[in-house]
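For reference, the structure is listed below as structure tokens.
Residue numbers (the working numbering): 1 to 396.
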């Protein structure tokens with residue numbers, strides 16, 4: 001079984017993941033060494049060592065999920081949904097507050113962010129439910145109202161923390177999977193209009209319930225014109241611009257960033273790409289974005305090749321998670337959208353994010369095994385039909 005998996009899965013998915021993790025580990029060390037000493041009063045490799053331990057742990061999970069048939073996940077999905085609701089509830093009971101959000105649970109010496117795990121649960125849930133409703137997928141009420149209710153319940157828990165960045169990603173992932181579930185063009189536009197209406201209602205409710213605090217409004221004004229208040233709401237963005245602009249084509253050199261010396265408050269998480277731009281320049285940024293873009297492309301091609309709607313929608317969900325999270329992170333550090341605290345996939349420091357991504361990629365690699373195996377088997381069968389006397393075509 002293991003031999004067949006390593007023969008048939010797509011190495012063009014595995015290699016970019018490993019390269020991104022390697023680049024991320026190096027950049028976490030480079031970007032966090034000053035913060036570790038000045039803010040946390042510990043050794044320069046504090047965050048590097050923690051990220052290295054998380055990477056080792058998640059690589060084990062990656063291998064385990066890679067070897068686990070993806071068709072088994074519907075059986076454990078009810079327990080996963082129950083588990084994520086328990087974790088989200090525990091956040092309000094015994095959660096740890098960081099950056100004005102009560103989003104973390106402390107277990108021993110490790111922190112975990114349940115909202116990160118909710119992304120994968122939503123992907124698996126919607127993929128399974130909608131794959132079973134293909135016969136009446138154009139009936140919005142019958143096919144989508146139930147799944148949308150559970151997704152909005154999860155979104156409610158995440159928004160109350162408040163973690164609007166992760167909530168936005170979950171909402172966008174859910175919309176993407178629903179729009180790619182096999183619906184007709186007419187239903188597509190009806191769903192799109194419904195999504196816009198729901199988003200407008202959510203924003204309106206948030207406005208009248210006081211969710212738009214001065215601090216959150218400051219993120220919008222800071223993004224639109226950071227230089228008018230460069231020492232206040234625009235502080236992080238101005239220093240992000242300085243880091244990006246200083247790097248040029250080749251960068252200042254690995255470890256030579258100036259902005260990580262206290263100018264960027266979160267150089268190893270939200271703004272790690274700004275440090276990459278400063279130290280490795282345009283070429284370093286293009287390397288990371290190229291690997292992420294290629295990975296997303298390969299996952300989407302896998303979704304297209306798969307004949308199983310469940311597998312295809314999982315691939316679409318994971319690809320959208322990586323793409324949307326990358327877009328929000330880059331949008332925040334370039335001022336295109338307000339800063340939300342969203343990390344850069346595989347690169348930024350963060351165990352919960354890395355765990356979700358590596359488990360997701362393990363599932364994707366397992367899907368690639370089944371898809372490639374079935375396609376090869378089908379091809380061999382066609383060759384037998386076309387060339388019945390050629391017995392060599394039956395070998396696997």
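For glycine and all other residues, C-beta sits at the position ideal for the given N, C-alpha and C.
Taking buried to mean at least 16 other C-beta atoms within 10 Å of its own C-beta, is residue i buried or exposed?
i	result
residue 392	With a pLDDT of only 46 at residue 392, under the threshold of 50, the placement of this residue in the model should not be trusted; the figure read from the coordinates follows. With fewer than 16 other Cβ atoms within 10 Å, it is exposed.
residue 41	exposed
residue 196	exposed
residue 51	buried
residue 63	exposed
residue 20	buried
residue 239	buried
residue 53	exposed
residue 31	buried
residue 396	Unreliable placement is indicated for residue 396, whose pLDDT of 44 sits below 50; the coordinate value is still reported in the next sentence. The residue is exposed, with fewer than 16 neighbouring Cβ atoms inside 10 Å.
residue 283	exposed
residue 394	Residue confidence for residue 394 is low, a pLDDT of 44 falling below 50, so the modelled location carries little weight; the figure read from the coordinates is stated next. When all chains shown are included, residue 394 counts as exposed.
residue 95	buried
residue 184	exposed
residue 307	exposed
residue 43	exposed
residue 93	exposed
residue 35	buried
residue 286	exposed
residue 29	buried
residue 367	buried
residue 376	exposed
residue 72	exposed
residue 279	buried
residue 260	buried
residue 264	buried
residue 228	exposed
residue 161	buried
residue 37	exposed
residue 164	buried
Less than 9 Å between the beta carbons of residue i and residue j, yes or no?
i	j	result
residue 91	residue 105	yes
residue 204	residue 270	no
residue 241	residue 335	yes
residue 319	residue 299	yes
residue 17	residue 317	no
residue 365	residue 13	yes
residue 356	residue 48	no
residue 305	residue 371	yes
residue 251	residue 277	yes
residue 324	residue 333	no
residue 140	residue 130	no
residue 173	residue 321	yes
residue 115	residue 166	yes
residue 199	residue 154	no
residue 103	residue 328	no
residue 266	residue 236	yes
residue 127	residue 369	no
residue 281	residue 247	yes
residue 175	residue 191	yes
residue 58	residue 330	no
Comparing C-alpha positions only, which one of the options sits nearest to residue i?
i	options	result
residue 360	295, 348, 33	295
residue 352	250, 368, 257, 113	113
residue 171	140, 142, 119	119
residue 69	128, 363, 279, 176	363
residue 84	331, 314, 125, 348	125
residue 291	151, 73, 255, 347	347
residue 288	10, 11, 26	26
residue 10	66, 156, 150, 186	66
residue 143	331, 158, 162, 179	179
residue 60	331, 358, 373	358
residue 86	24, 158, 73	158
residue 33	15, 262, 152	262
residue 132	38, 152, 74	74
residue 147	181, 24, 243	181
residue 55	23, 37, 79	23
residue 150	186, 134, 78	78
residue 312	162, 156, 177	177
residue 234	57, 249, 337, 152	337
residue 145	194, 315, 268	194
- request: Counting only runs of 4+ residues fully inside the region 66-146, write out the alpha helix (DSSP H) ranges in chain order.
  value: 73-94, 114-131
task: Could you tell me which uninterrupted alpha helix (DSSP H) segments, each at least 4 residues in length, are contained entirely in the region 24-70, listed from first to last along the chain?
output: 46-67
- request: Starting from the N-terminal side, write out each stretch of the alpha helix (DSSP H) that is 4 residues or longer and does not extend beyond the region 269-340.
  value: 272-305, 309-334
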